[in-house]
Amino acid sequence: MKRLRRTMLFMPGNNPGMLQSAGILGADSIILDLEDAVSLTEKDSARILVREAIKNLDYSNVELVVRVNPITTEFALVDIDVIARVKPDALMIPKATEEELKTIDEMLIKIEKEEGFDAGSIKLIPIVETAYGLQNVYNIIKSCNRIVAILLGGEDLTSDLGIKRTKEGEEIFYARNQVSIACKAMKVDSIDTPFTDTNDFEGLEKDTRKAKSLGFTGKAAISPKHIDTIHSVFAPTFDEIKHAKRVLMAMEEAEKEGKGVFSLDGKMVDAPIINRAKNTVELARLLSLT
Amino acid sequence: MKNILGREIPEYIEGYGKVTTFEGAFKHAGIKTKKEVKVNSVTPNDEKVLKSIEEVIDKVGITDGMTISFHHHLRNGDYVLNTVVGAIASKGIKNITVAMSSIFPNHSPLIEHIKNGVVTKIVTNYMSGPVAQEISRGILKNPVIMHTHGGRARAIESGDLHIDVAFIAAPTADTYGNINGLYGKSACGALGYAVSDAECADRVVAITDNLVPYPACPIEISQIYVDYVLKVDSIGDPGGIVSGTTQITNDPVGLKIAKMASDVMVATGLVKNEMSFQTGAGGISLAVAAQLRKYMKQHGIVGSFASGGITGYIVDMFKEGLFRSLFDVQCFDLQAVQSYVSTHKHQRMSASMYGNPDNKGAVVNNLDIVILGATEIDTNFNVNVTTGSDGAIMGGSGGHSDTAAGAKLTIIVTQLMKARLPIIKDSVTTITTPGECIDVIVTERGIAVNPKRLDIIEKLKKTNLPIMTIEELKTIAEKMTGKPKAIELSDQIIAVIEYRDGSVIDVVRKPL
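What follows is the structure, encoded as structure tokens:
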């Protein structure tokens, strides 16, 4: 069954209380963070804490992702070696380049063999958060078949570009388009950058709708309070589900009558509309909305 | 001997007396008799206003062995109990029983009086802070008797708890003893816990820092009950008086629990027009109120009443028209006080009207839904809100047992683990509220329904809520925390837990 990835919730890897409750906060995926949430002096203890949390706590109802430190740092290789051996669902790789991803892939092949895991079972989610990464997103996805999604990192990207990051997000419009299209072309999920104002739910909804309208399949979150709003944006509405079902019923009728093309409510229904309807009905089924 | 809940309780307890054993929440219902009250009649020439606390003590004739009572509407800002007991101690009087409806950290001067034999017995509904800690170390000569709010009123009205002198802290009093809690620098709102004391004590003294010309208006406690009036500089610290409410929790786990509790309420079908509701003043309890508020607004629901200790949050819901009226036994904050002053639809209920099982019908009998907390819950759904993880007293029923008995749906909201301790155990340290009155436990990891409530189980099965047995919840907790060691207790009984009907539901033994 396809796993939902509407929300990916960041949790600091050095906070035992949050690690304990991460799995029940309602997000589809949780990202245990060893990078930005953890100060330099705490990197080693956070790594150990996350390792022990994965070994001992039950995360079976979420996708378990660990954001390791960038490959250019002294922490990354130890992060990967330690964490991969307790088999998270995926590693999230900051500022990843094609070469770095290939290096990580080779490491994981070795670890999976040593630990007796299925080959390729540990997935990768690169973060596109540099000008280079944005320009090369298609190649980055192509570089490794472990990649299941791309996260757009708006804060770091705008910092790399030397531009201001705003709530309205006009400055990342192109980046969103680029990432969404590349992901769609390569059939992986596209995860939008998190909304950083924890108390502005109206702004969050607007921002999420913008991402969805550009084709993003999910959004990262830095606060558990954001999860319900993001989920409601990515869920089809009652009317959308109803319409999708009508399209599929009309399609069945048309097929019985031997028609290739048909109309519904005076509008022509062709393959793209049928595909969209199928996706809507499938998502509704996964969300138990039917 | 063991009572029906399996608690080992002696037939006779030194310092308490013969034990009537708990046999069920409503087993002792029937015909009750109210006590005869002795009244010193007052003639037209009698003066009630006295000049000092010493004069009060002399006039009411406090002697060794008497029982004096106080209410806790001034909460952690109360000055009256300390002042009165201090004056009694100065006169060399000993062996006093203090019947204070709740004891707070600022009542710590009681500890010295206990050690000096001035106070040898305490009757209360709730204890926290240094007094509770020291009593848990066994310093009090006789076991504390812990009542529920309704049970205390029952005990007073039946004569089981005889009060020689009731000291009523009065935010406003006139020279003839009419009292209200609405006005004055120490205004605290509804005086629900003082009513039975006023009506049944042998002598009643109003202590006020706002003596107004006769007559005070409105009259909450009438002059016909009050013997004397004393004016003092201050009856309490306003900052401590209205300190009862917390904020809605920001903790995502607490918010999740609140959402699940709200879903449970809706699924049972009880959230509808004319519904009634009560919740506590704590963070998760208020978050449940917030969820209910959202749902009621979305669906145009108007409830009949909300009750309890009333917080500003419930007042907001009332002002939005979500409830037609409020029943208030105490105001937790200034907003509640102001609402109580401003509209007759925000009504006081006495502690007796709130939860006394032995009158012609308490408000709890009309309650649809109540949201409560717990320090421990066992696999028979018995709940502890009296003792903490170290076995020491840190609370008490308050209205817990009363509301749980009366409400159609009693929901306990709690995290499954607090710090590194599981909340669900094989057996709670102290039973405050019996499992037969507890319907649903909502934790962030799952929801357990009392097996006796097949009706609720059927309704919740139709939802996506994570329903599991209480044993399964316990297993989930213990997987993370391990099984806690049993608390080691001595044989010394330091508290007797009376159920609302006067029977003994449990005792507290001194932790080692």
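Top to bottom, those sequences are chains A and B.
Start counting the first sequence at 97; every next residue gets the next number (our numbering).
Start counting the second sequence at 761; every next residue gets the next number (our numbering).
Where is the CB? At the ideal position from N, CA and C, for every residue including glycine.
{"Check": "State the Cα-Cα distance for the pair residue 97 of chain A and residue 224 of chain A, rounded to the nearest angstrom.", "Outcome": "Because the pLDDT at residue 97 of chain A is just 48, under 50, the model does not fix this residue reliably, and the value given afterwards should be weighed accordingly. So the two alpha carbons sit approximately 27 Å from each other."}
{"Check": "So if DSSP puts residue 737 of chain B in a beta bridge, which residue, or which two residues, is it bridged to?", "Outcome": "Nothing can be reported for residue 737 of chain B, as the shown portion of chain B is limited to 761 through 1272."}
{"Check": "Against residue 153 of chain A, what residues of chain B qualify as contacts under a CB-to-CB distance less than 8 Å, listed in chain order?", "Outcome": "1240"}
{"Check": "Is residue 1236 of chain B close to chain A, meaning its C-beta is less than 9 Å from at least one C-beta of that chain?", "Outcome": "yes"}
{"Check": "Can you look up residue 299 of chain A in the DSSP assignment and give me helix, strand or coil?", "Outcome": "helix"}
{"Check": "Within 9 Å (strictly less), CB to CB, does residue 1204 of chain B reach chain A?", "Outcome": "yes"}
{"Check": "Going by Cα to Cα distance, which pick from A:117, A:104, A:199, A:101 is closest to residue 1240 of chain B?", "Outcome": "A:117"}
{"Check": "Keeping to the same chain, check which residues put their C-beta closer than 6 Å to that of residue 312 of chain A; ignore five residues upstream and five downstream.", "Outcome": "276, 286, 288"}
{"Check": "Runs of 4 residues minimum, wholly inside the stretch 1145-1231 of chain B: which ones carry the alpha helix (DSSP H) assignment?", "Outcome": "1160-1166, 1214-1221"}
{"Check": "Whether or not the stretch 911-919 of chain B and the stretch 1113-1120 of chain B are in contact is what I'm after, with contact meaning three or more pairs of Cβ atoms, one per stretch, closer than 8 Å; do they touch?", "Outcome": "yes"}
{"Check": "Measuring only the C-alpha atoms, how far is residue 956 of chain B from residue 826 of chain B?", "Outcome": "18 Å"}
{"Check": "Mind checking who residue 1038 of chain B pairs with in its DSSP beta bridge?", "Outcome": "B:1067, B:1130"}
{"Check": "Have a look at residue 1198 of chain B and residue 1022 of chain B and give me their C-alpha separation to the nearest angstrom.", "Outcome": "16 Å"}
{"Check": "Just to make sure I have the definition right: I need the residues of chain B whose C-beta is within less than 8 Å of the C-beta of residue 120 of chain A. Which are they?", "Outcome": "1013, 1016, 1204, 1205"}
{"Check": "Is residue 321 of chain A close to chain B? Criterion is C-beta to C-beta, closer than 9 Å.", "Outcome": "yes"}
{"Check": "Quick check: is the beta carbon of residue 1228 of chain B nearer than 9 Å to any beta carbon in chain A?", "Outcome": "no"}
{"Check": "Return the bridge partner residues of residue 1125 of chain B from the DSSP annotation.", "Outcome": "Looking at the DSSP assignment, residue 1125 of chain B forms no beta bridge with any residue, so it has no partner."}
{"Check": "Assuming residue 1103 of chain B and residue 1157 of chain B make a contact with CB atoms under 8 Å, what is their CB distance in whole Å?", "Outcome": "Contact doesn't hold; Cβ gap of about 30 Å is too wide."}
{"Check": "Decide if the stretch 962-975 of chain B is in contact with the stretch 1074-1093 of chain B; the criterion is three or more beta carbon pairs, one per stretch, under 8 Å apart.", "Outcome": "no"}
{"Check": "Would a C-beta distance cut-off of 9 Å place residue 322 of chain A and residue 290 of chain A closer than the cut-off?", "Outcome": "yes"}
{"Check": "How would you list, in chain order, the residues of chain B whose beta-carbon sits under 7 Å from the beta-carbon of residue 328 of chain A?", "Outcome": "Going along chain B, no residue has its Cβ under 7 Å from residue 328 of chain A, so there is no contact; the nearest lies around 14 Å."}
{"Check": "For the beta strand (DSSP E) containing residue 245 of chain A, list its first residue and its last residue.", "Outcome": "245-248"}
{"Check": "Taking 9 Å as the threshold (C-beta atoms), are residue 1139 of chain B and residue 1212 of chain B in contact?", "Outcome": "no"}
{"Check": "Would you mind listing the beta strand (DSSP E) stretches within the stretch 847-916 of chain B that are 3+ residues and don't spill past its ends, in chain order?", "Outcome": "856-860, 879-884, 904-906"}
{"Check": "So which residues of chain A does residue 1224 of chain B contact, with C-beta pairs closer than 8 Å?", "Outcome": "384"}
{"Check": "Using beta-carbon positions only, say whether residue 160 of chain A and residue 190 of chain A come within less than 9 Å of one another.", "Outcome": "no"}
{"Check": "Output, in chain order, the set of chain B residues within a Cβ distance shorter than 8 Å of residue 117 of chain A.", "Outcome": "1012, 1013, 1204"}
{"Check": "Touching or not, the stretch 1146-1164 of chain B and the stretch 1176-1191 of chain B, by the rule of three or more beta carbon pairs under 8 Å?", "Outcome": "yes"}
{"Check": "Assess contact between the stretch 1159-1170 of chain B and the stretch 1226-1237 of chain B, defined as three or more Cβ pairs (one per stretch) separated by less than 8 Å. Is contact present?", "Outcome": "no"}
{"Check": "For a cutoff of 9 Å on Cβ pairs, would you count residue 1177 of chain B as touching chain A?", "Outcome": "yes"}
{"Check": "Note down, in chain order, each residue of its chain lying with its Cβ closer than 6 Å to the Cβ of residue 963 of chain B, except the 5 sequence neighbours on either side.", "Outcome": "820, 925, 987"}
{"Check": "Would you mind reading off the limits of the beta strand (DSSP E) that contains residue 1019 of chain B?", "Outcome": "Note, residue 1019 of chain B: premise wrong, no beta strand (DSSP E); alpha helix (DSSP H) at 1012-1027."}
{"Check": "Quick one: what's got a C-beta closer than 6 Å to residue 900 of chain B's C-beta in the same chain, skipping five residues either side?", "Outcome": "874"}
{"Check": "Does the distance from the C-beta atom of residue 314 of chain A to that of residue 114 of chain A stay below 9 Å?", "Outcome": "no"}
{"Check": "Entirely within the stretch 261-320 of chain A and at least 4 residues each: give me those alpha helix (DSSP H) ranges in chain order.", "Outcome": "269-281, 297-309"}
{"Check": "Taking Cβ positions, are residue 896 of chain B and residue 1153 of chain B nearer each other than 9 Å?", "Outcome": "yes"}
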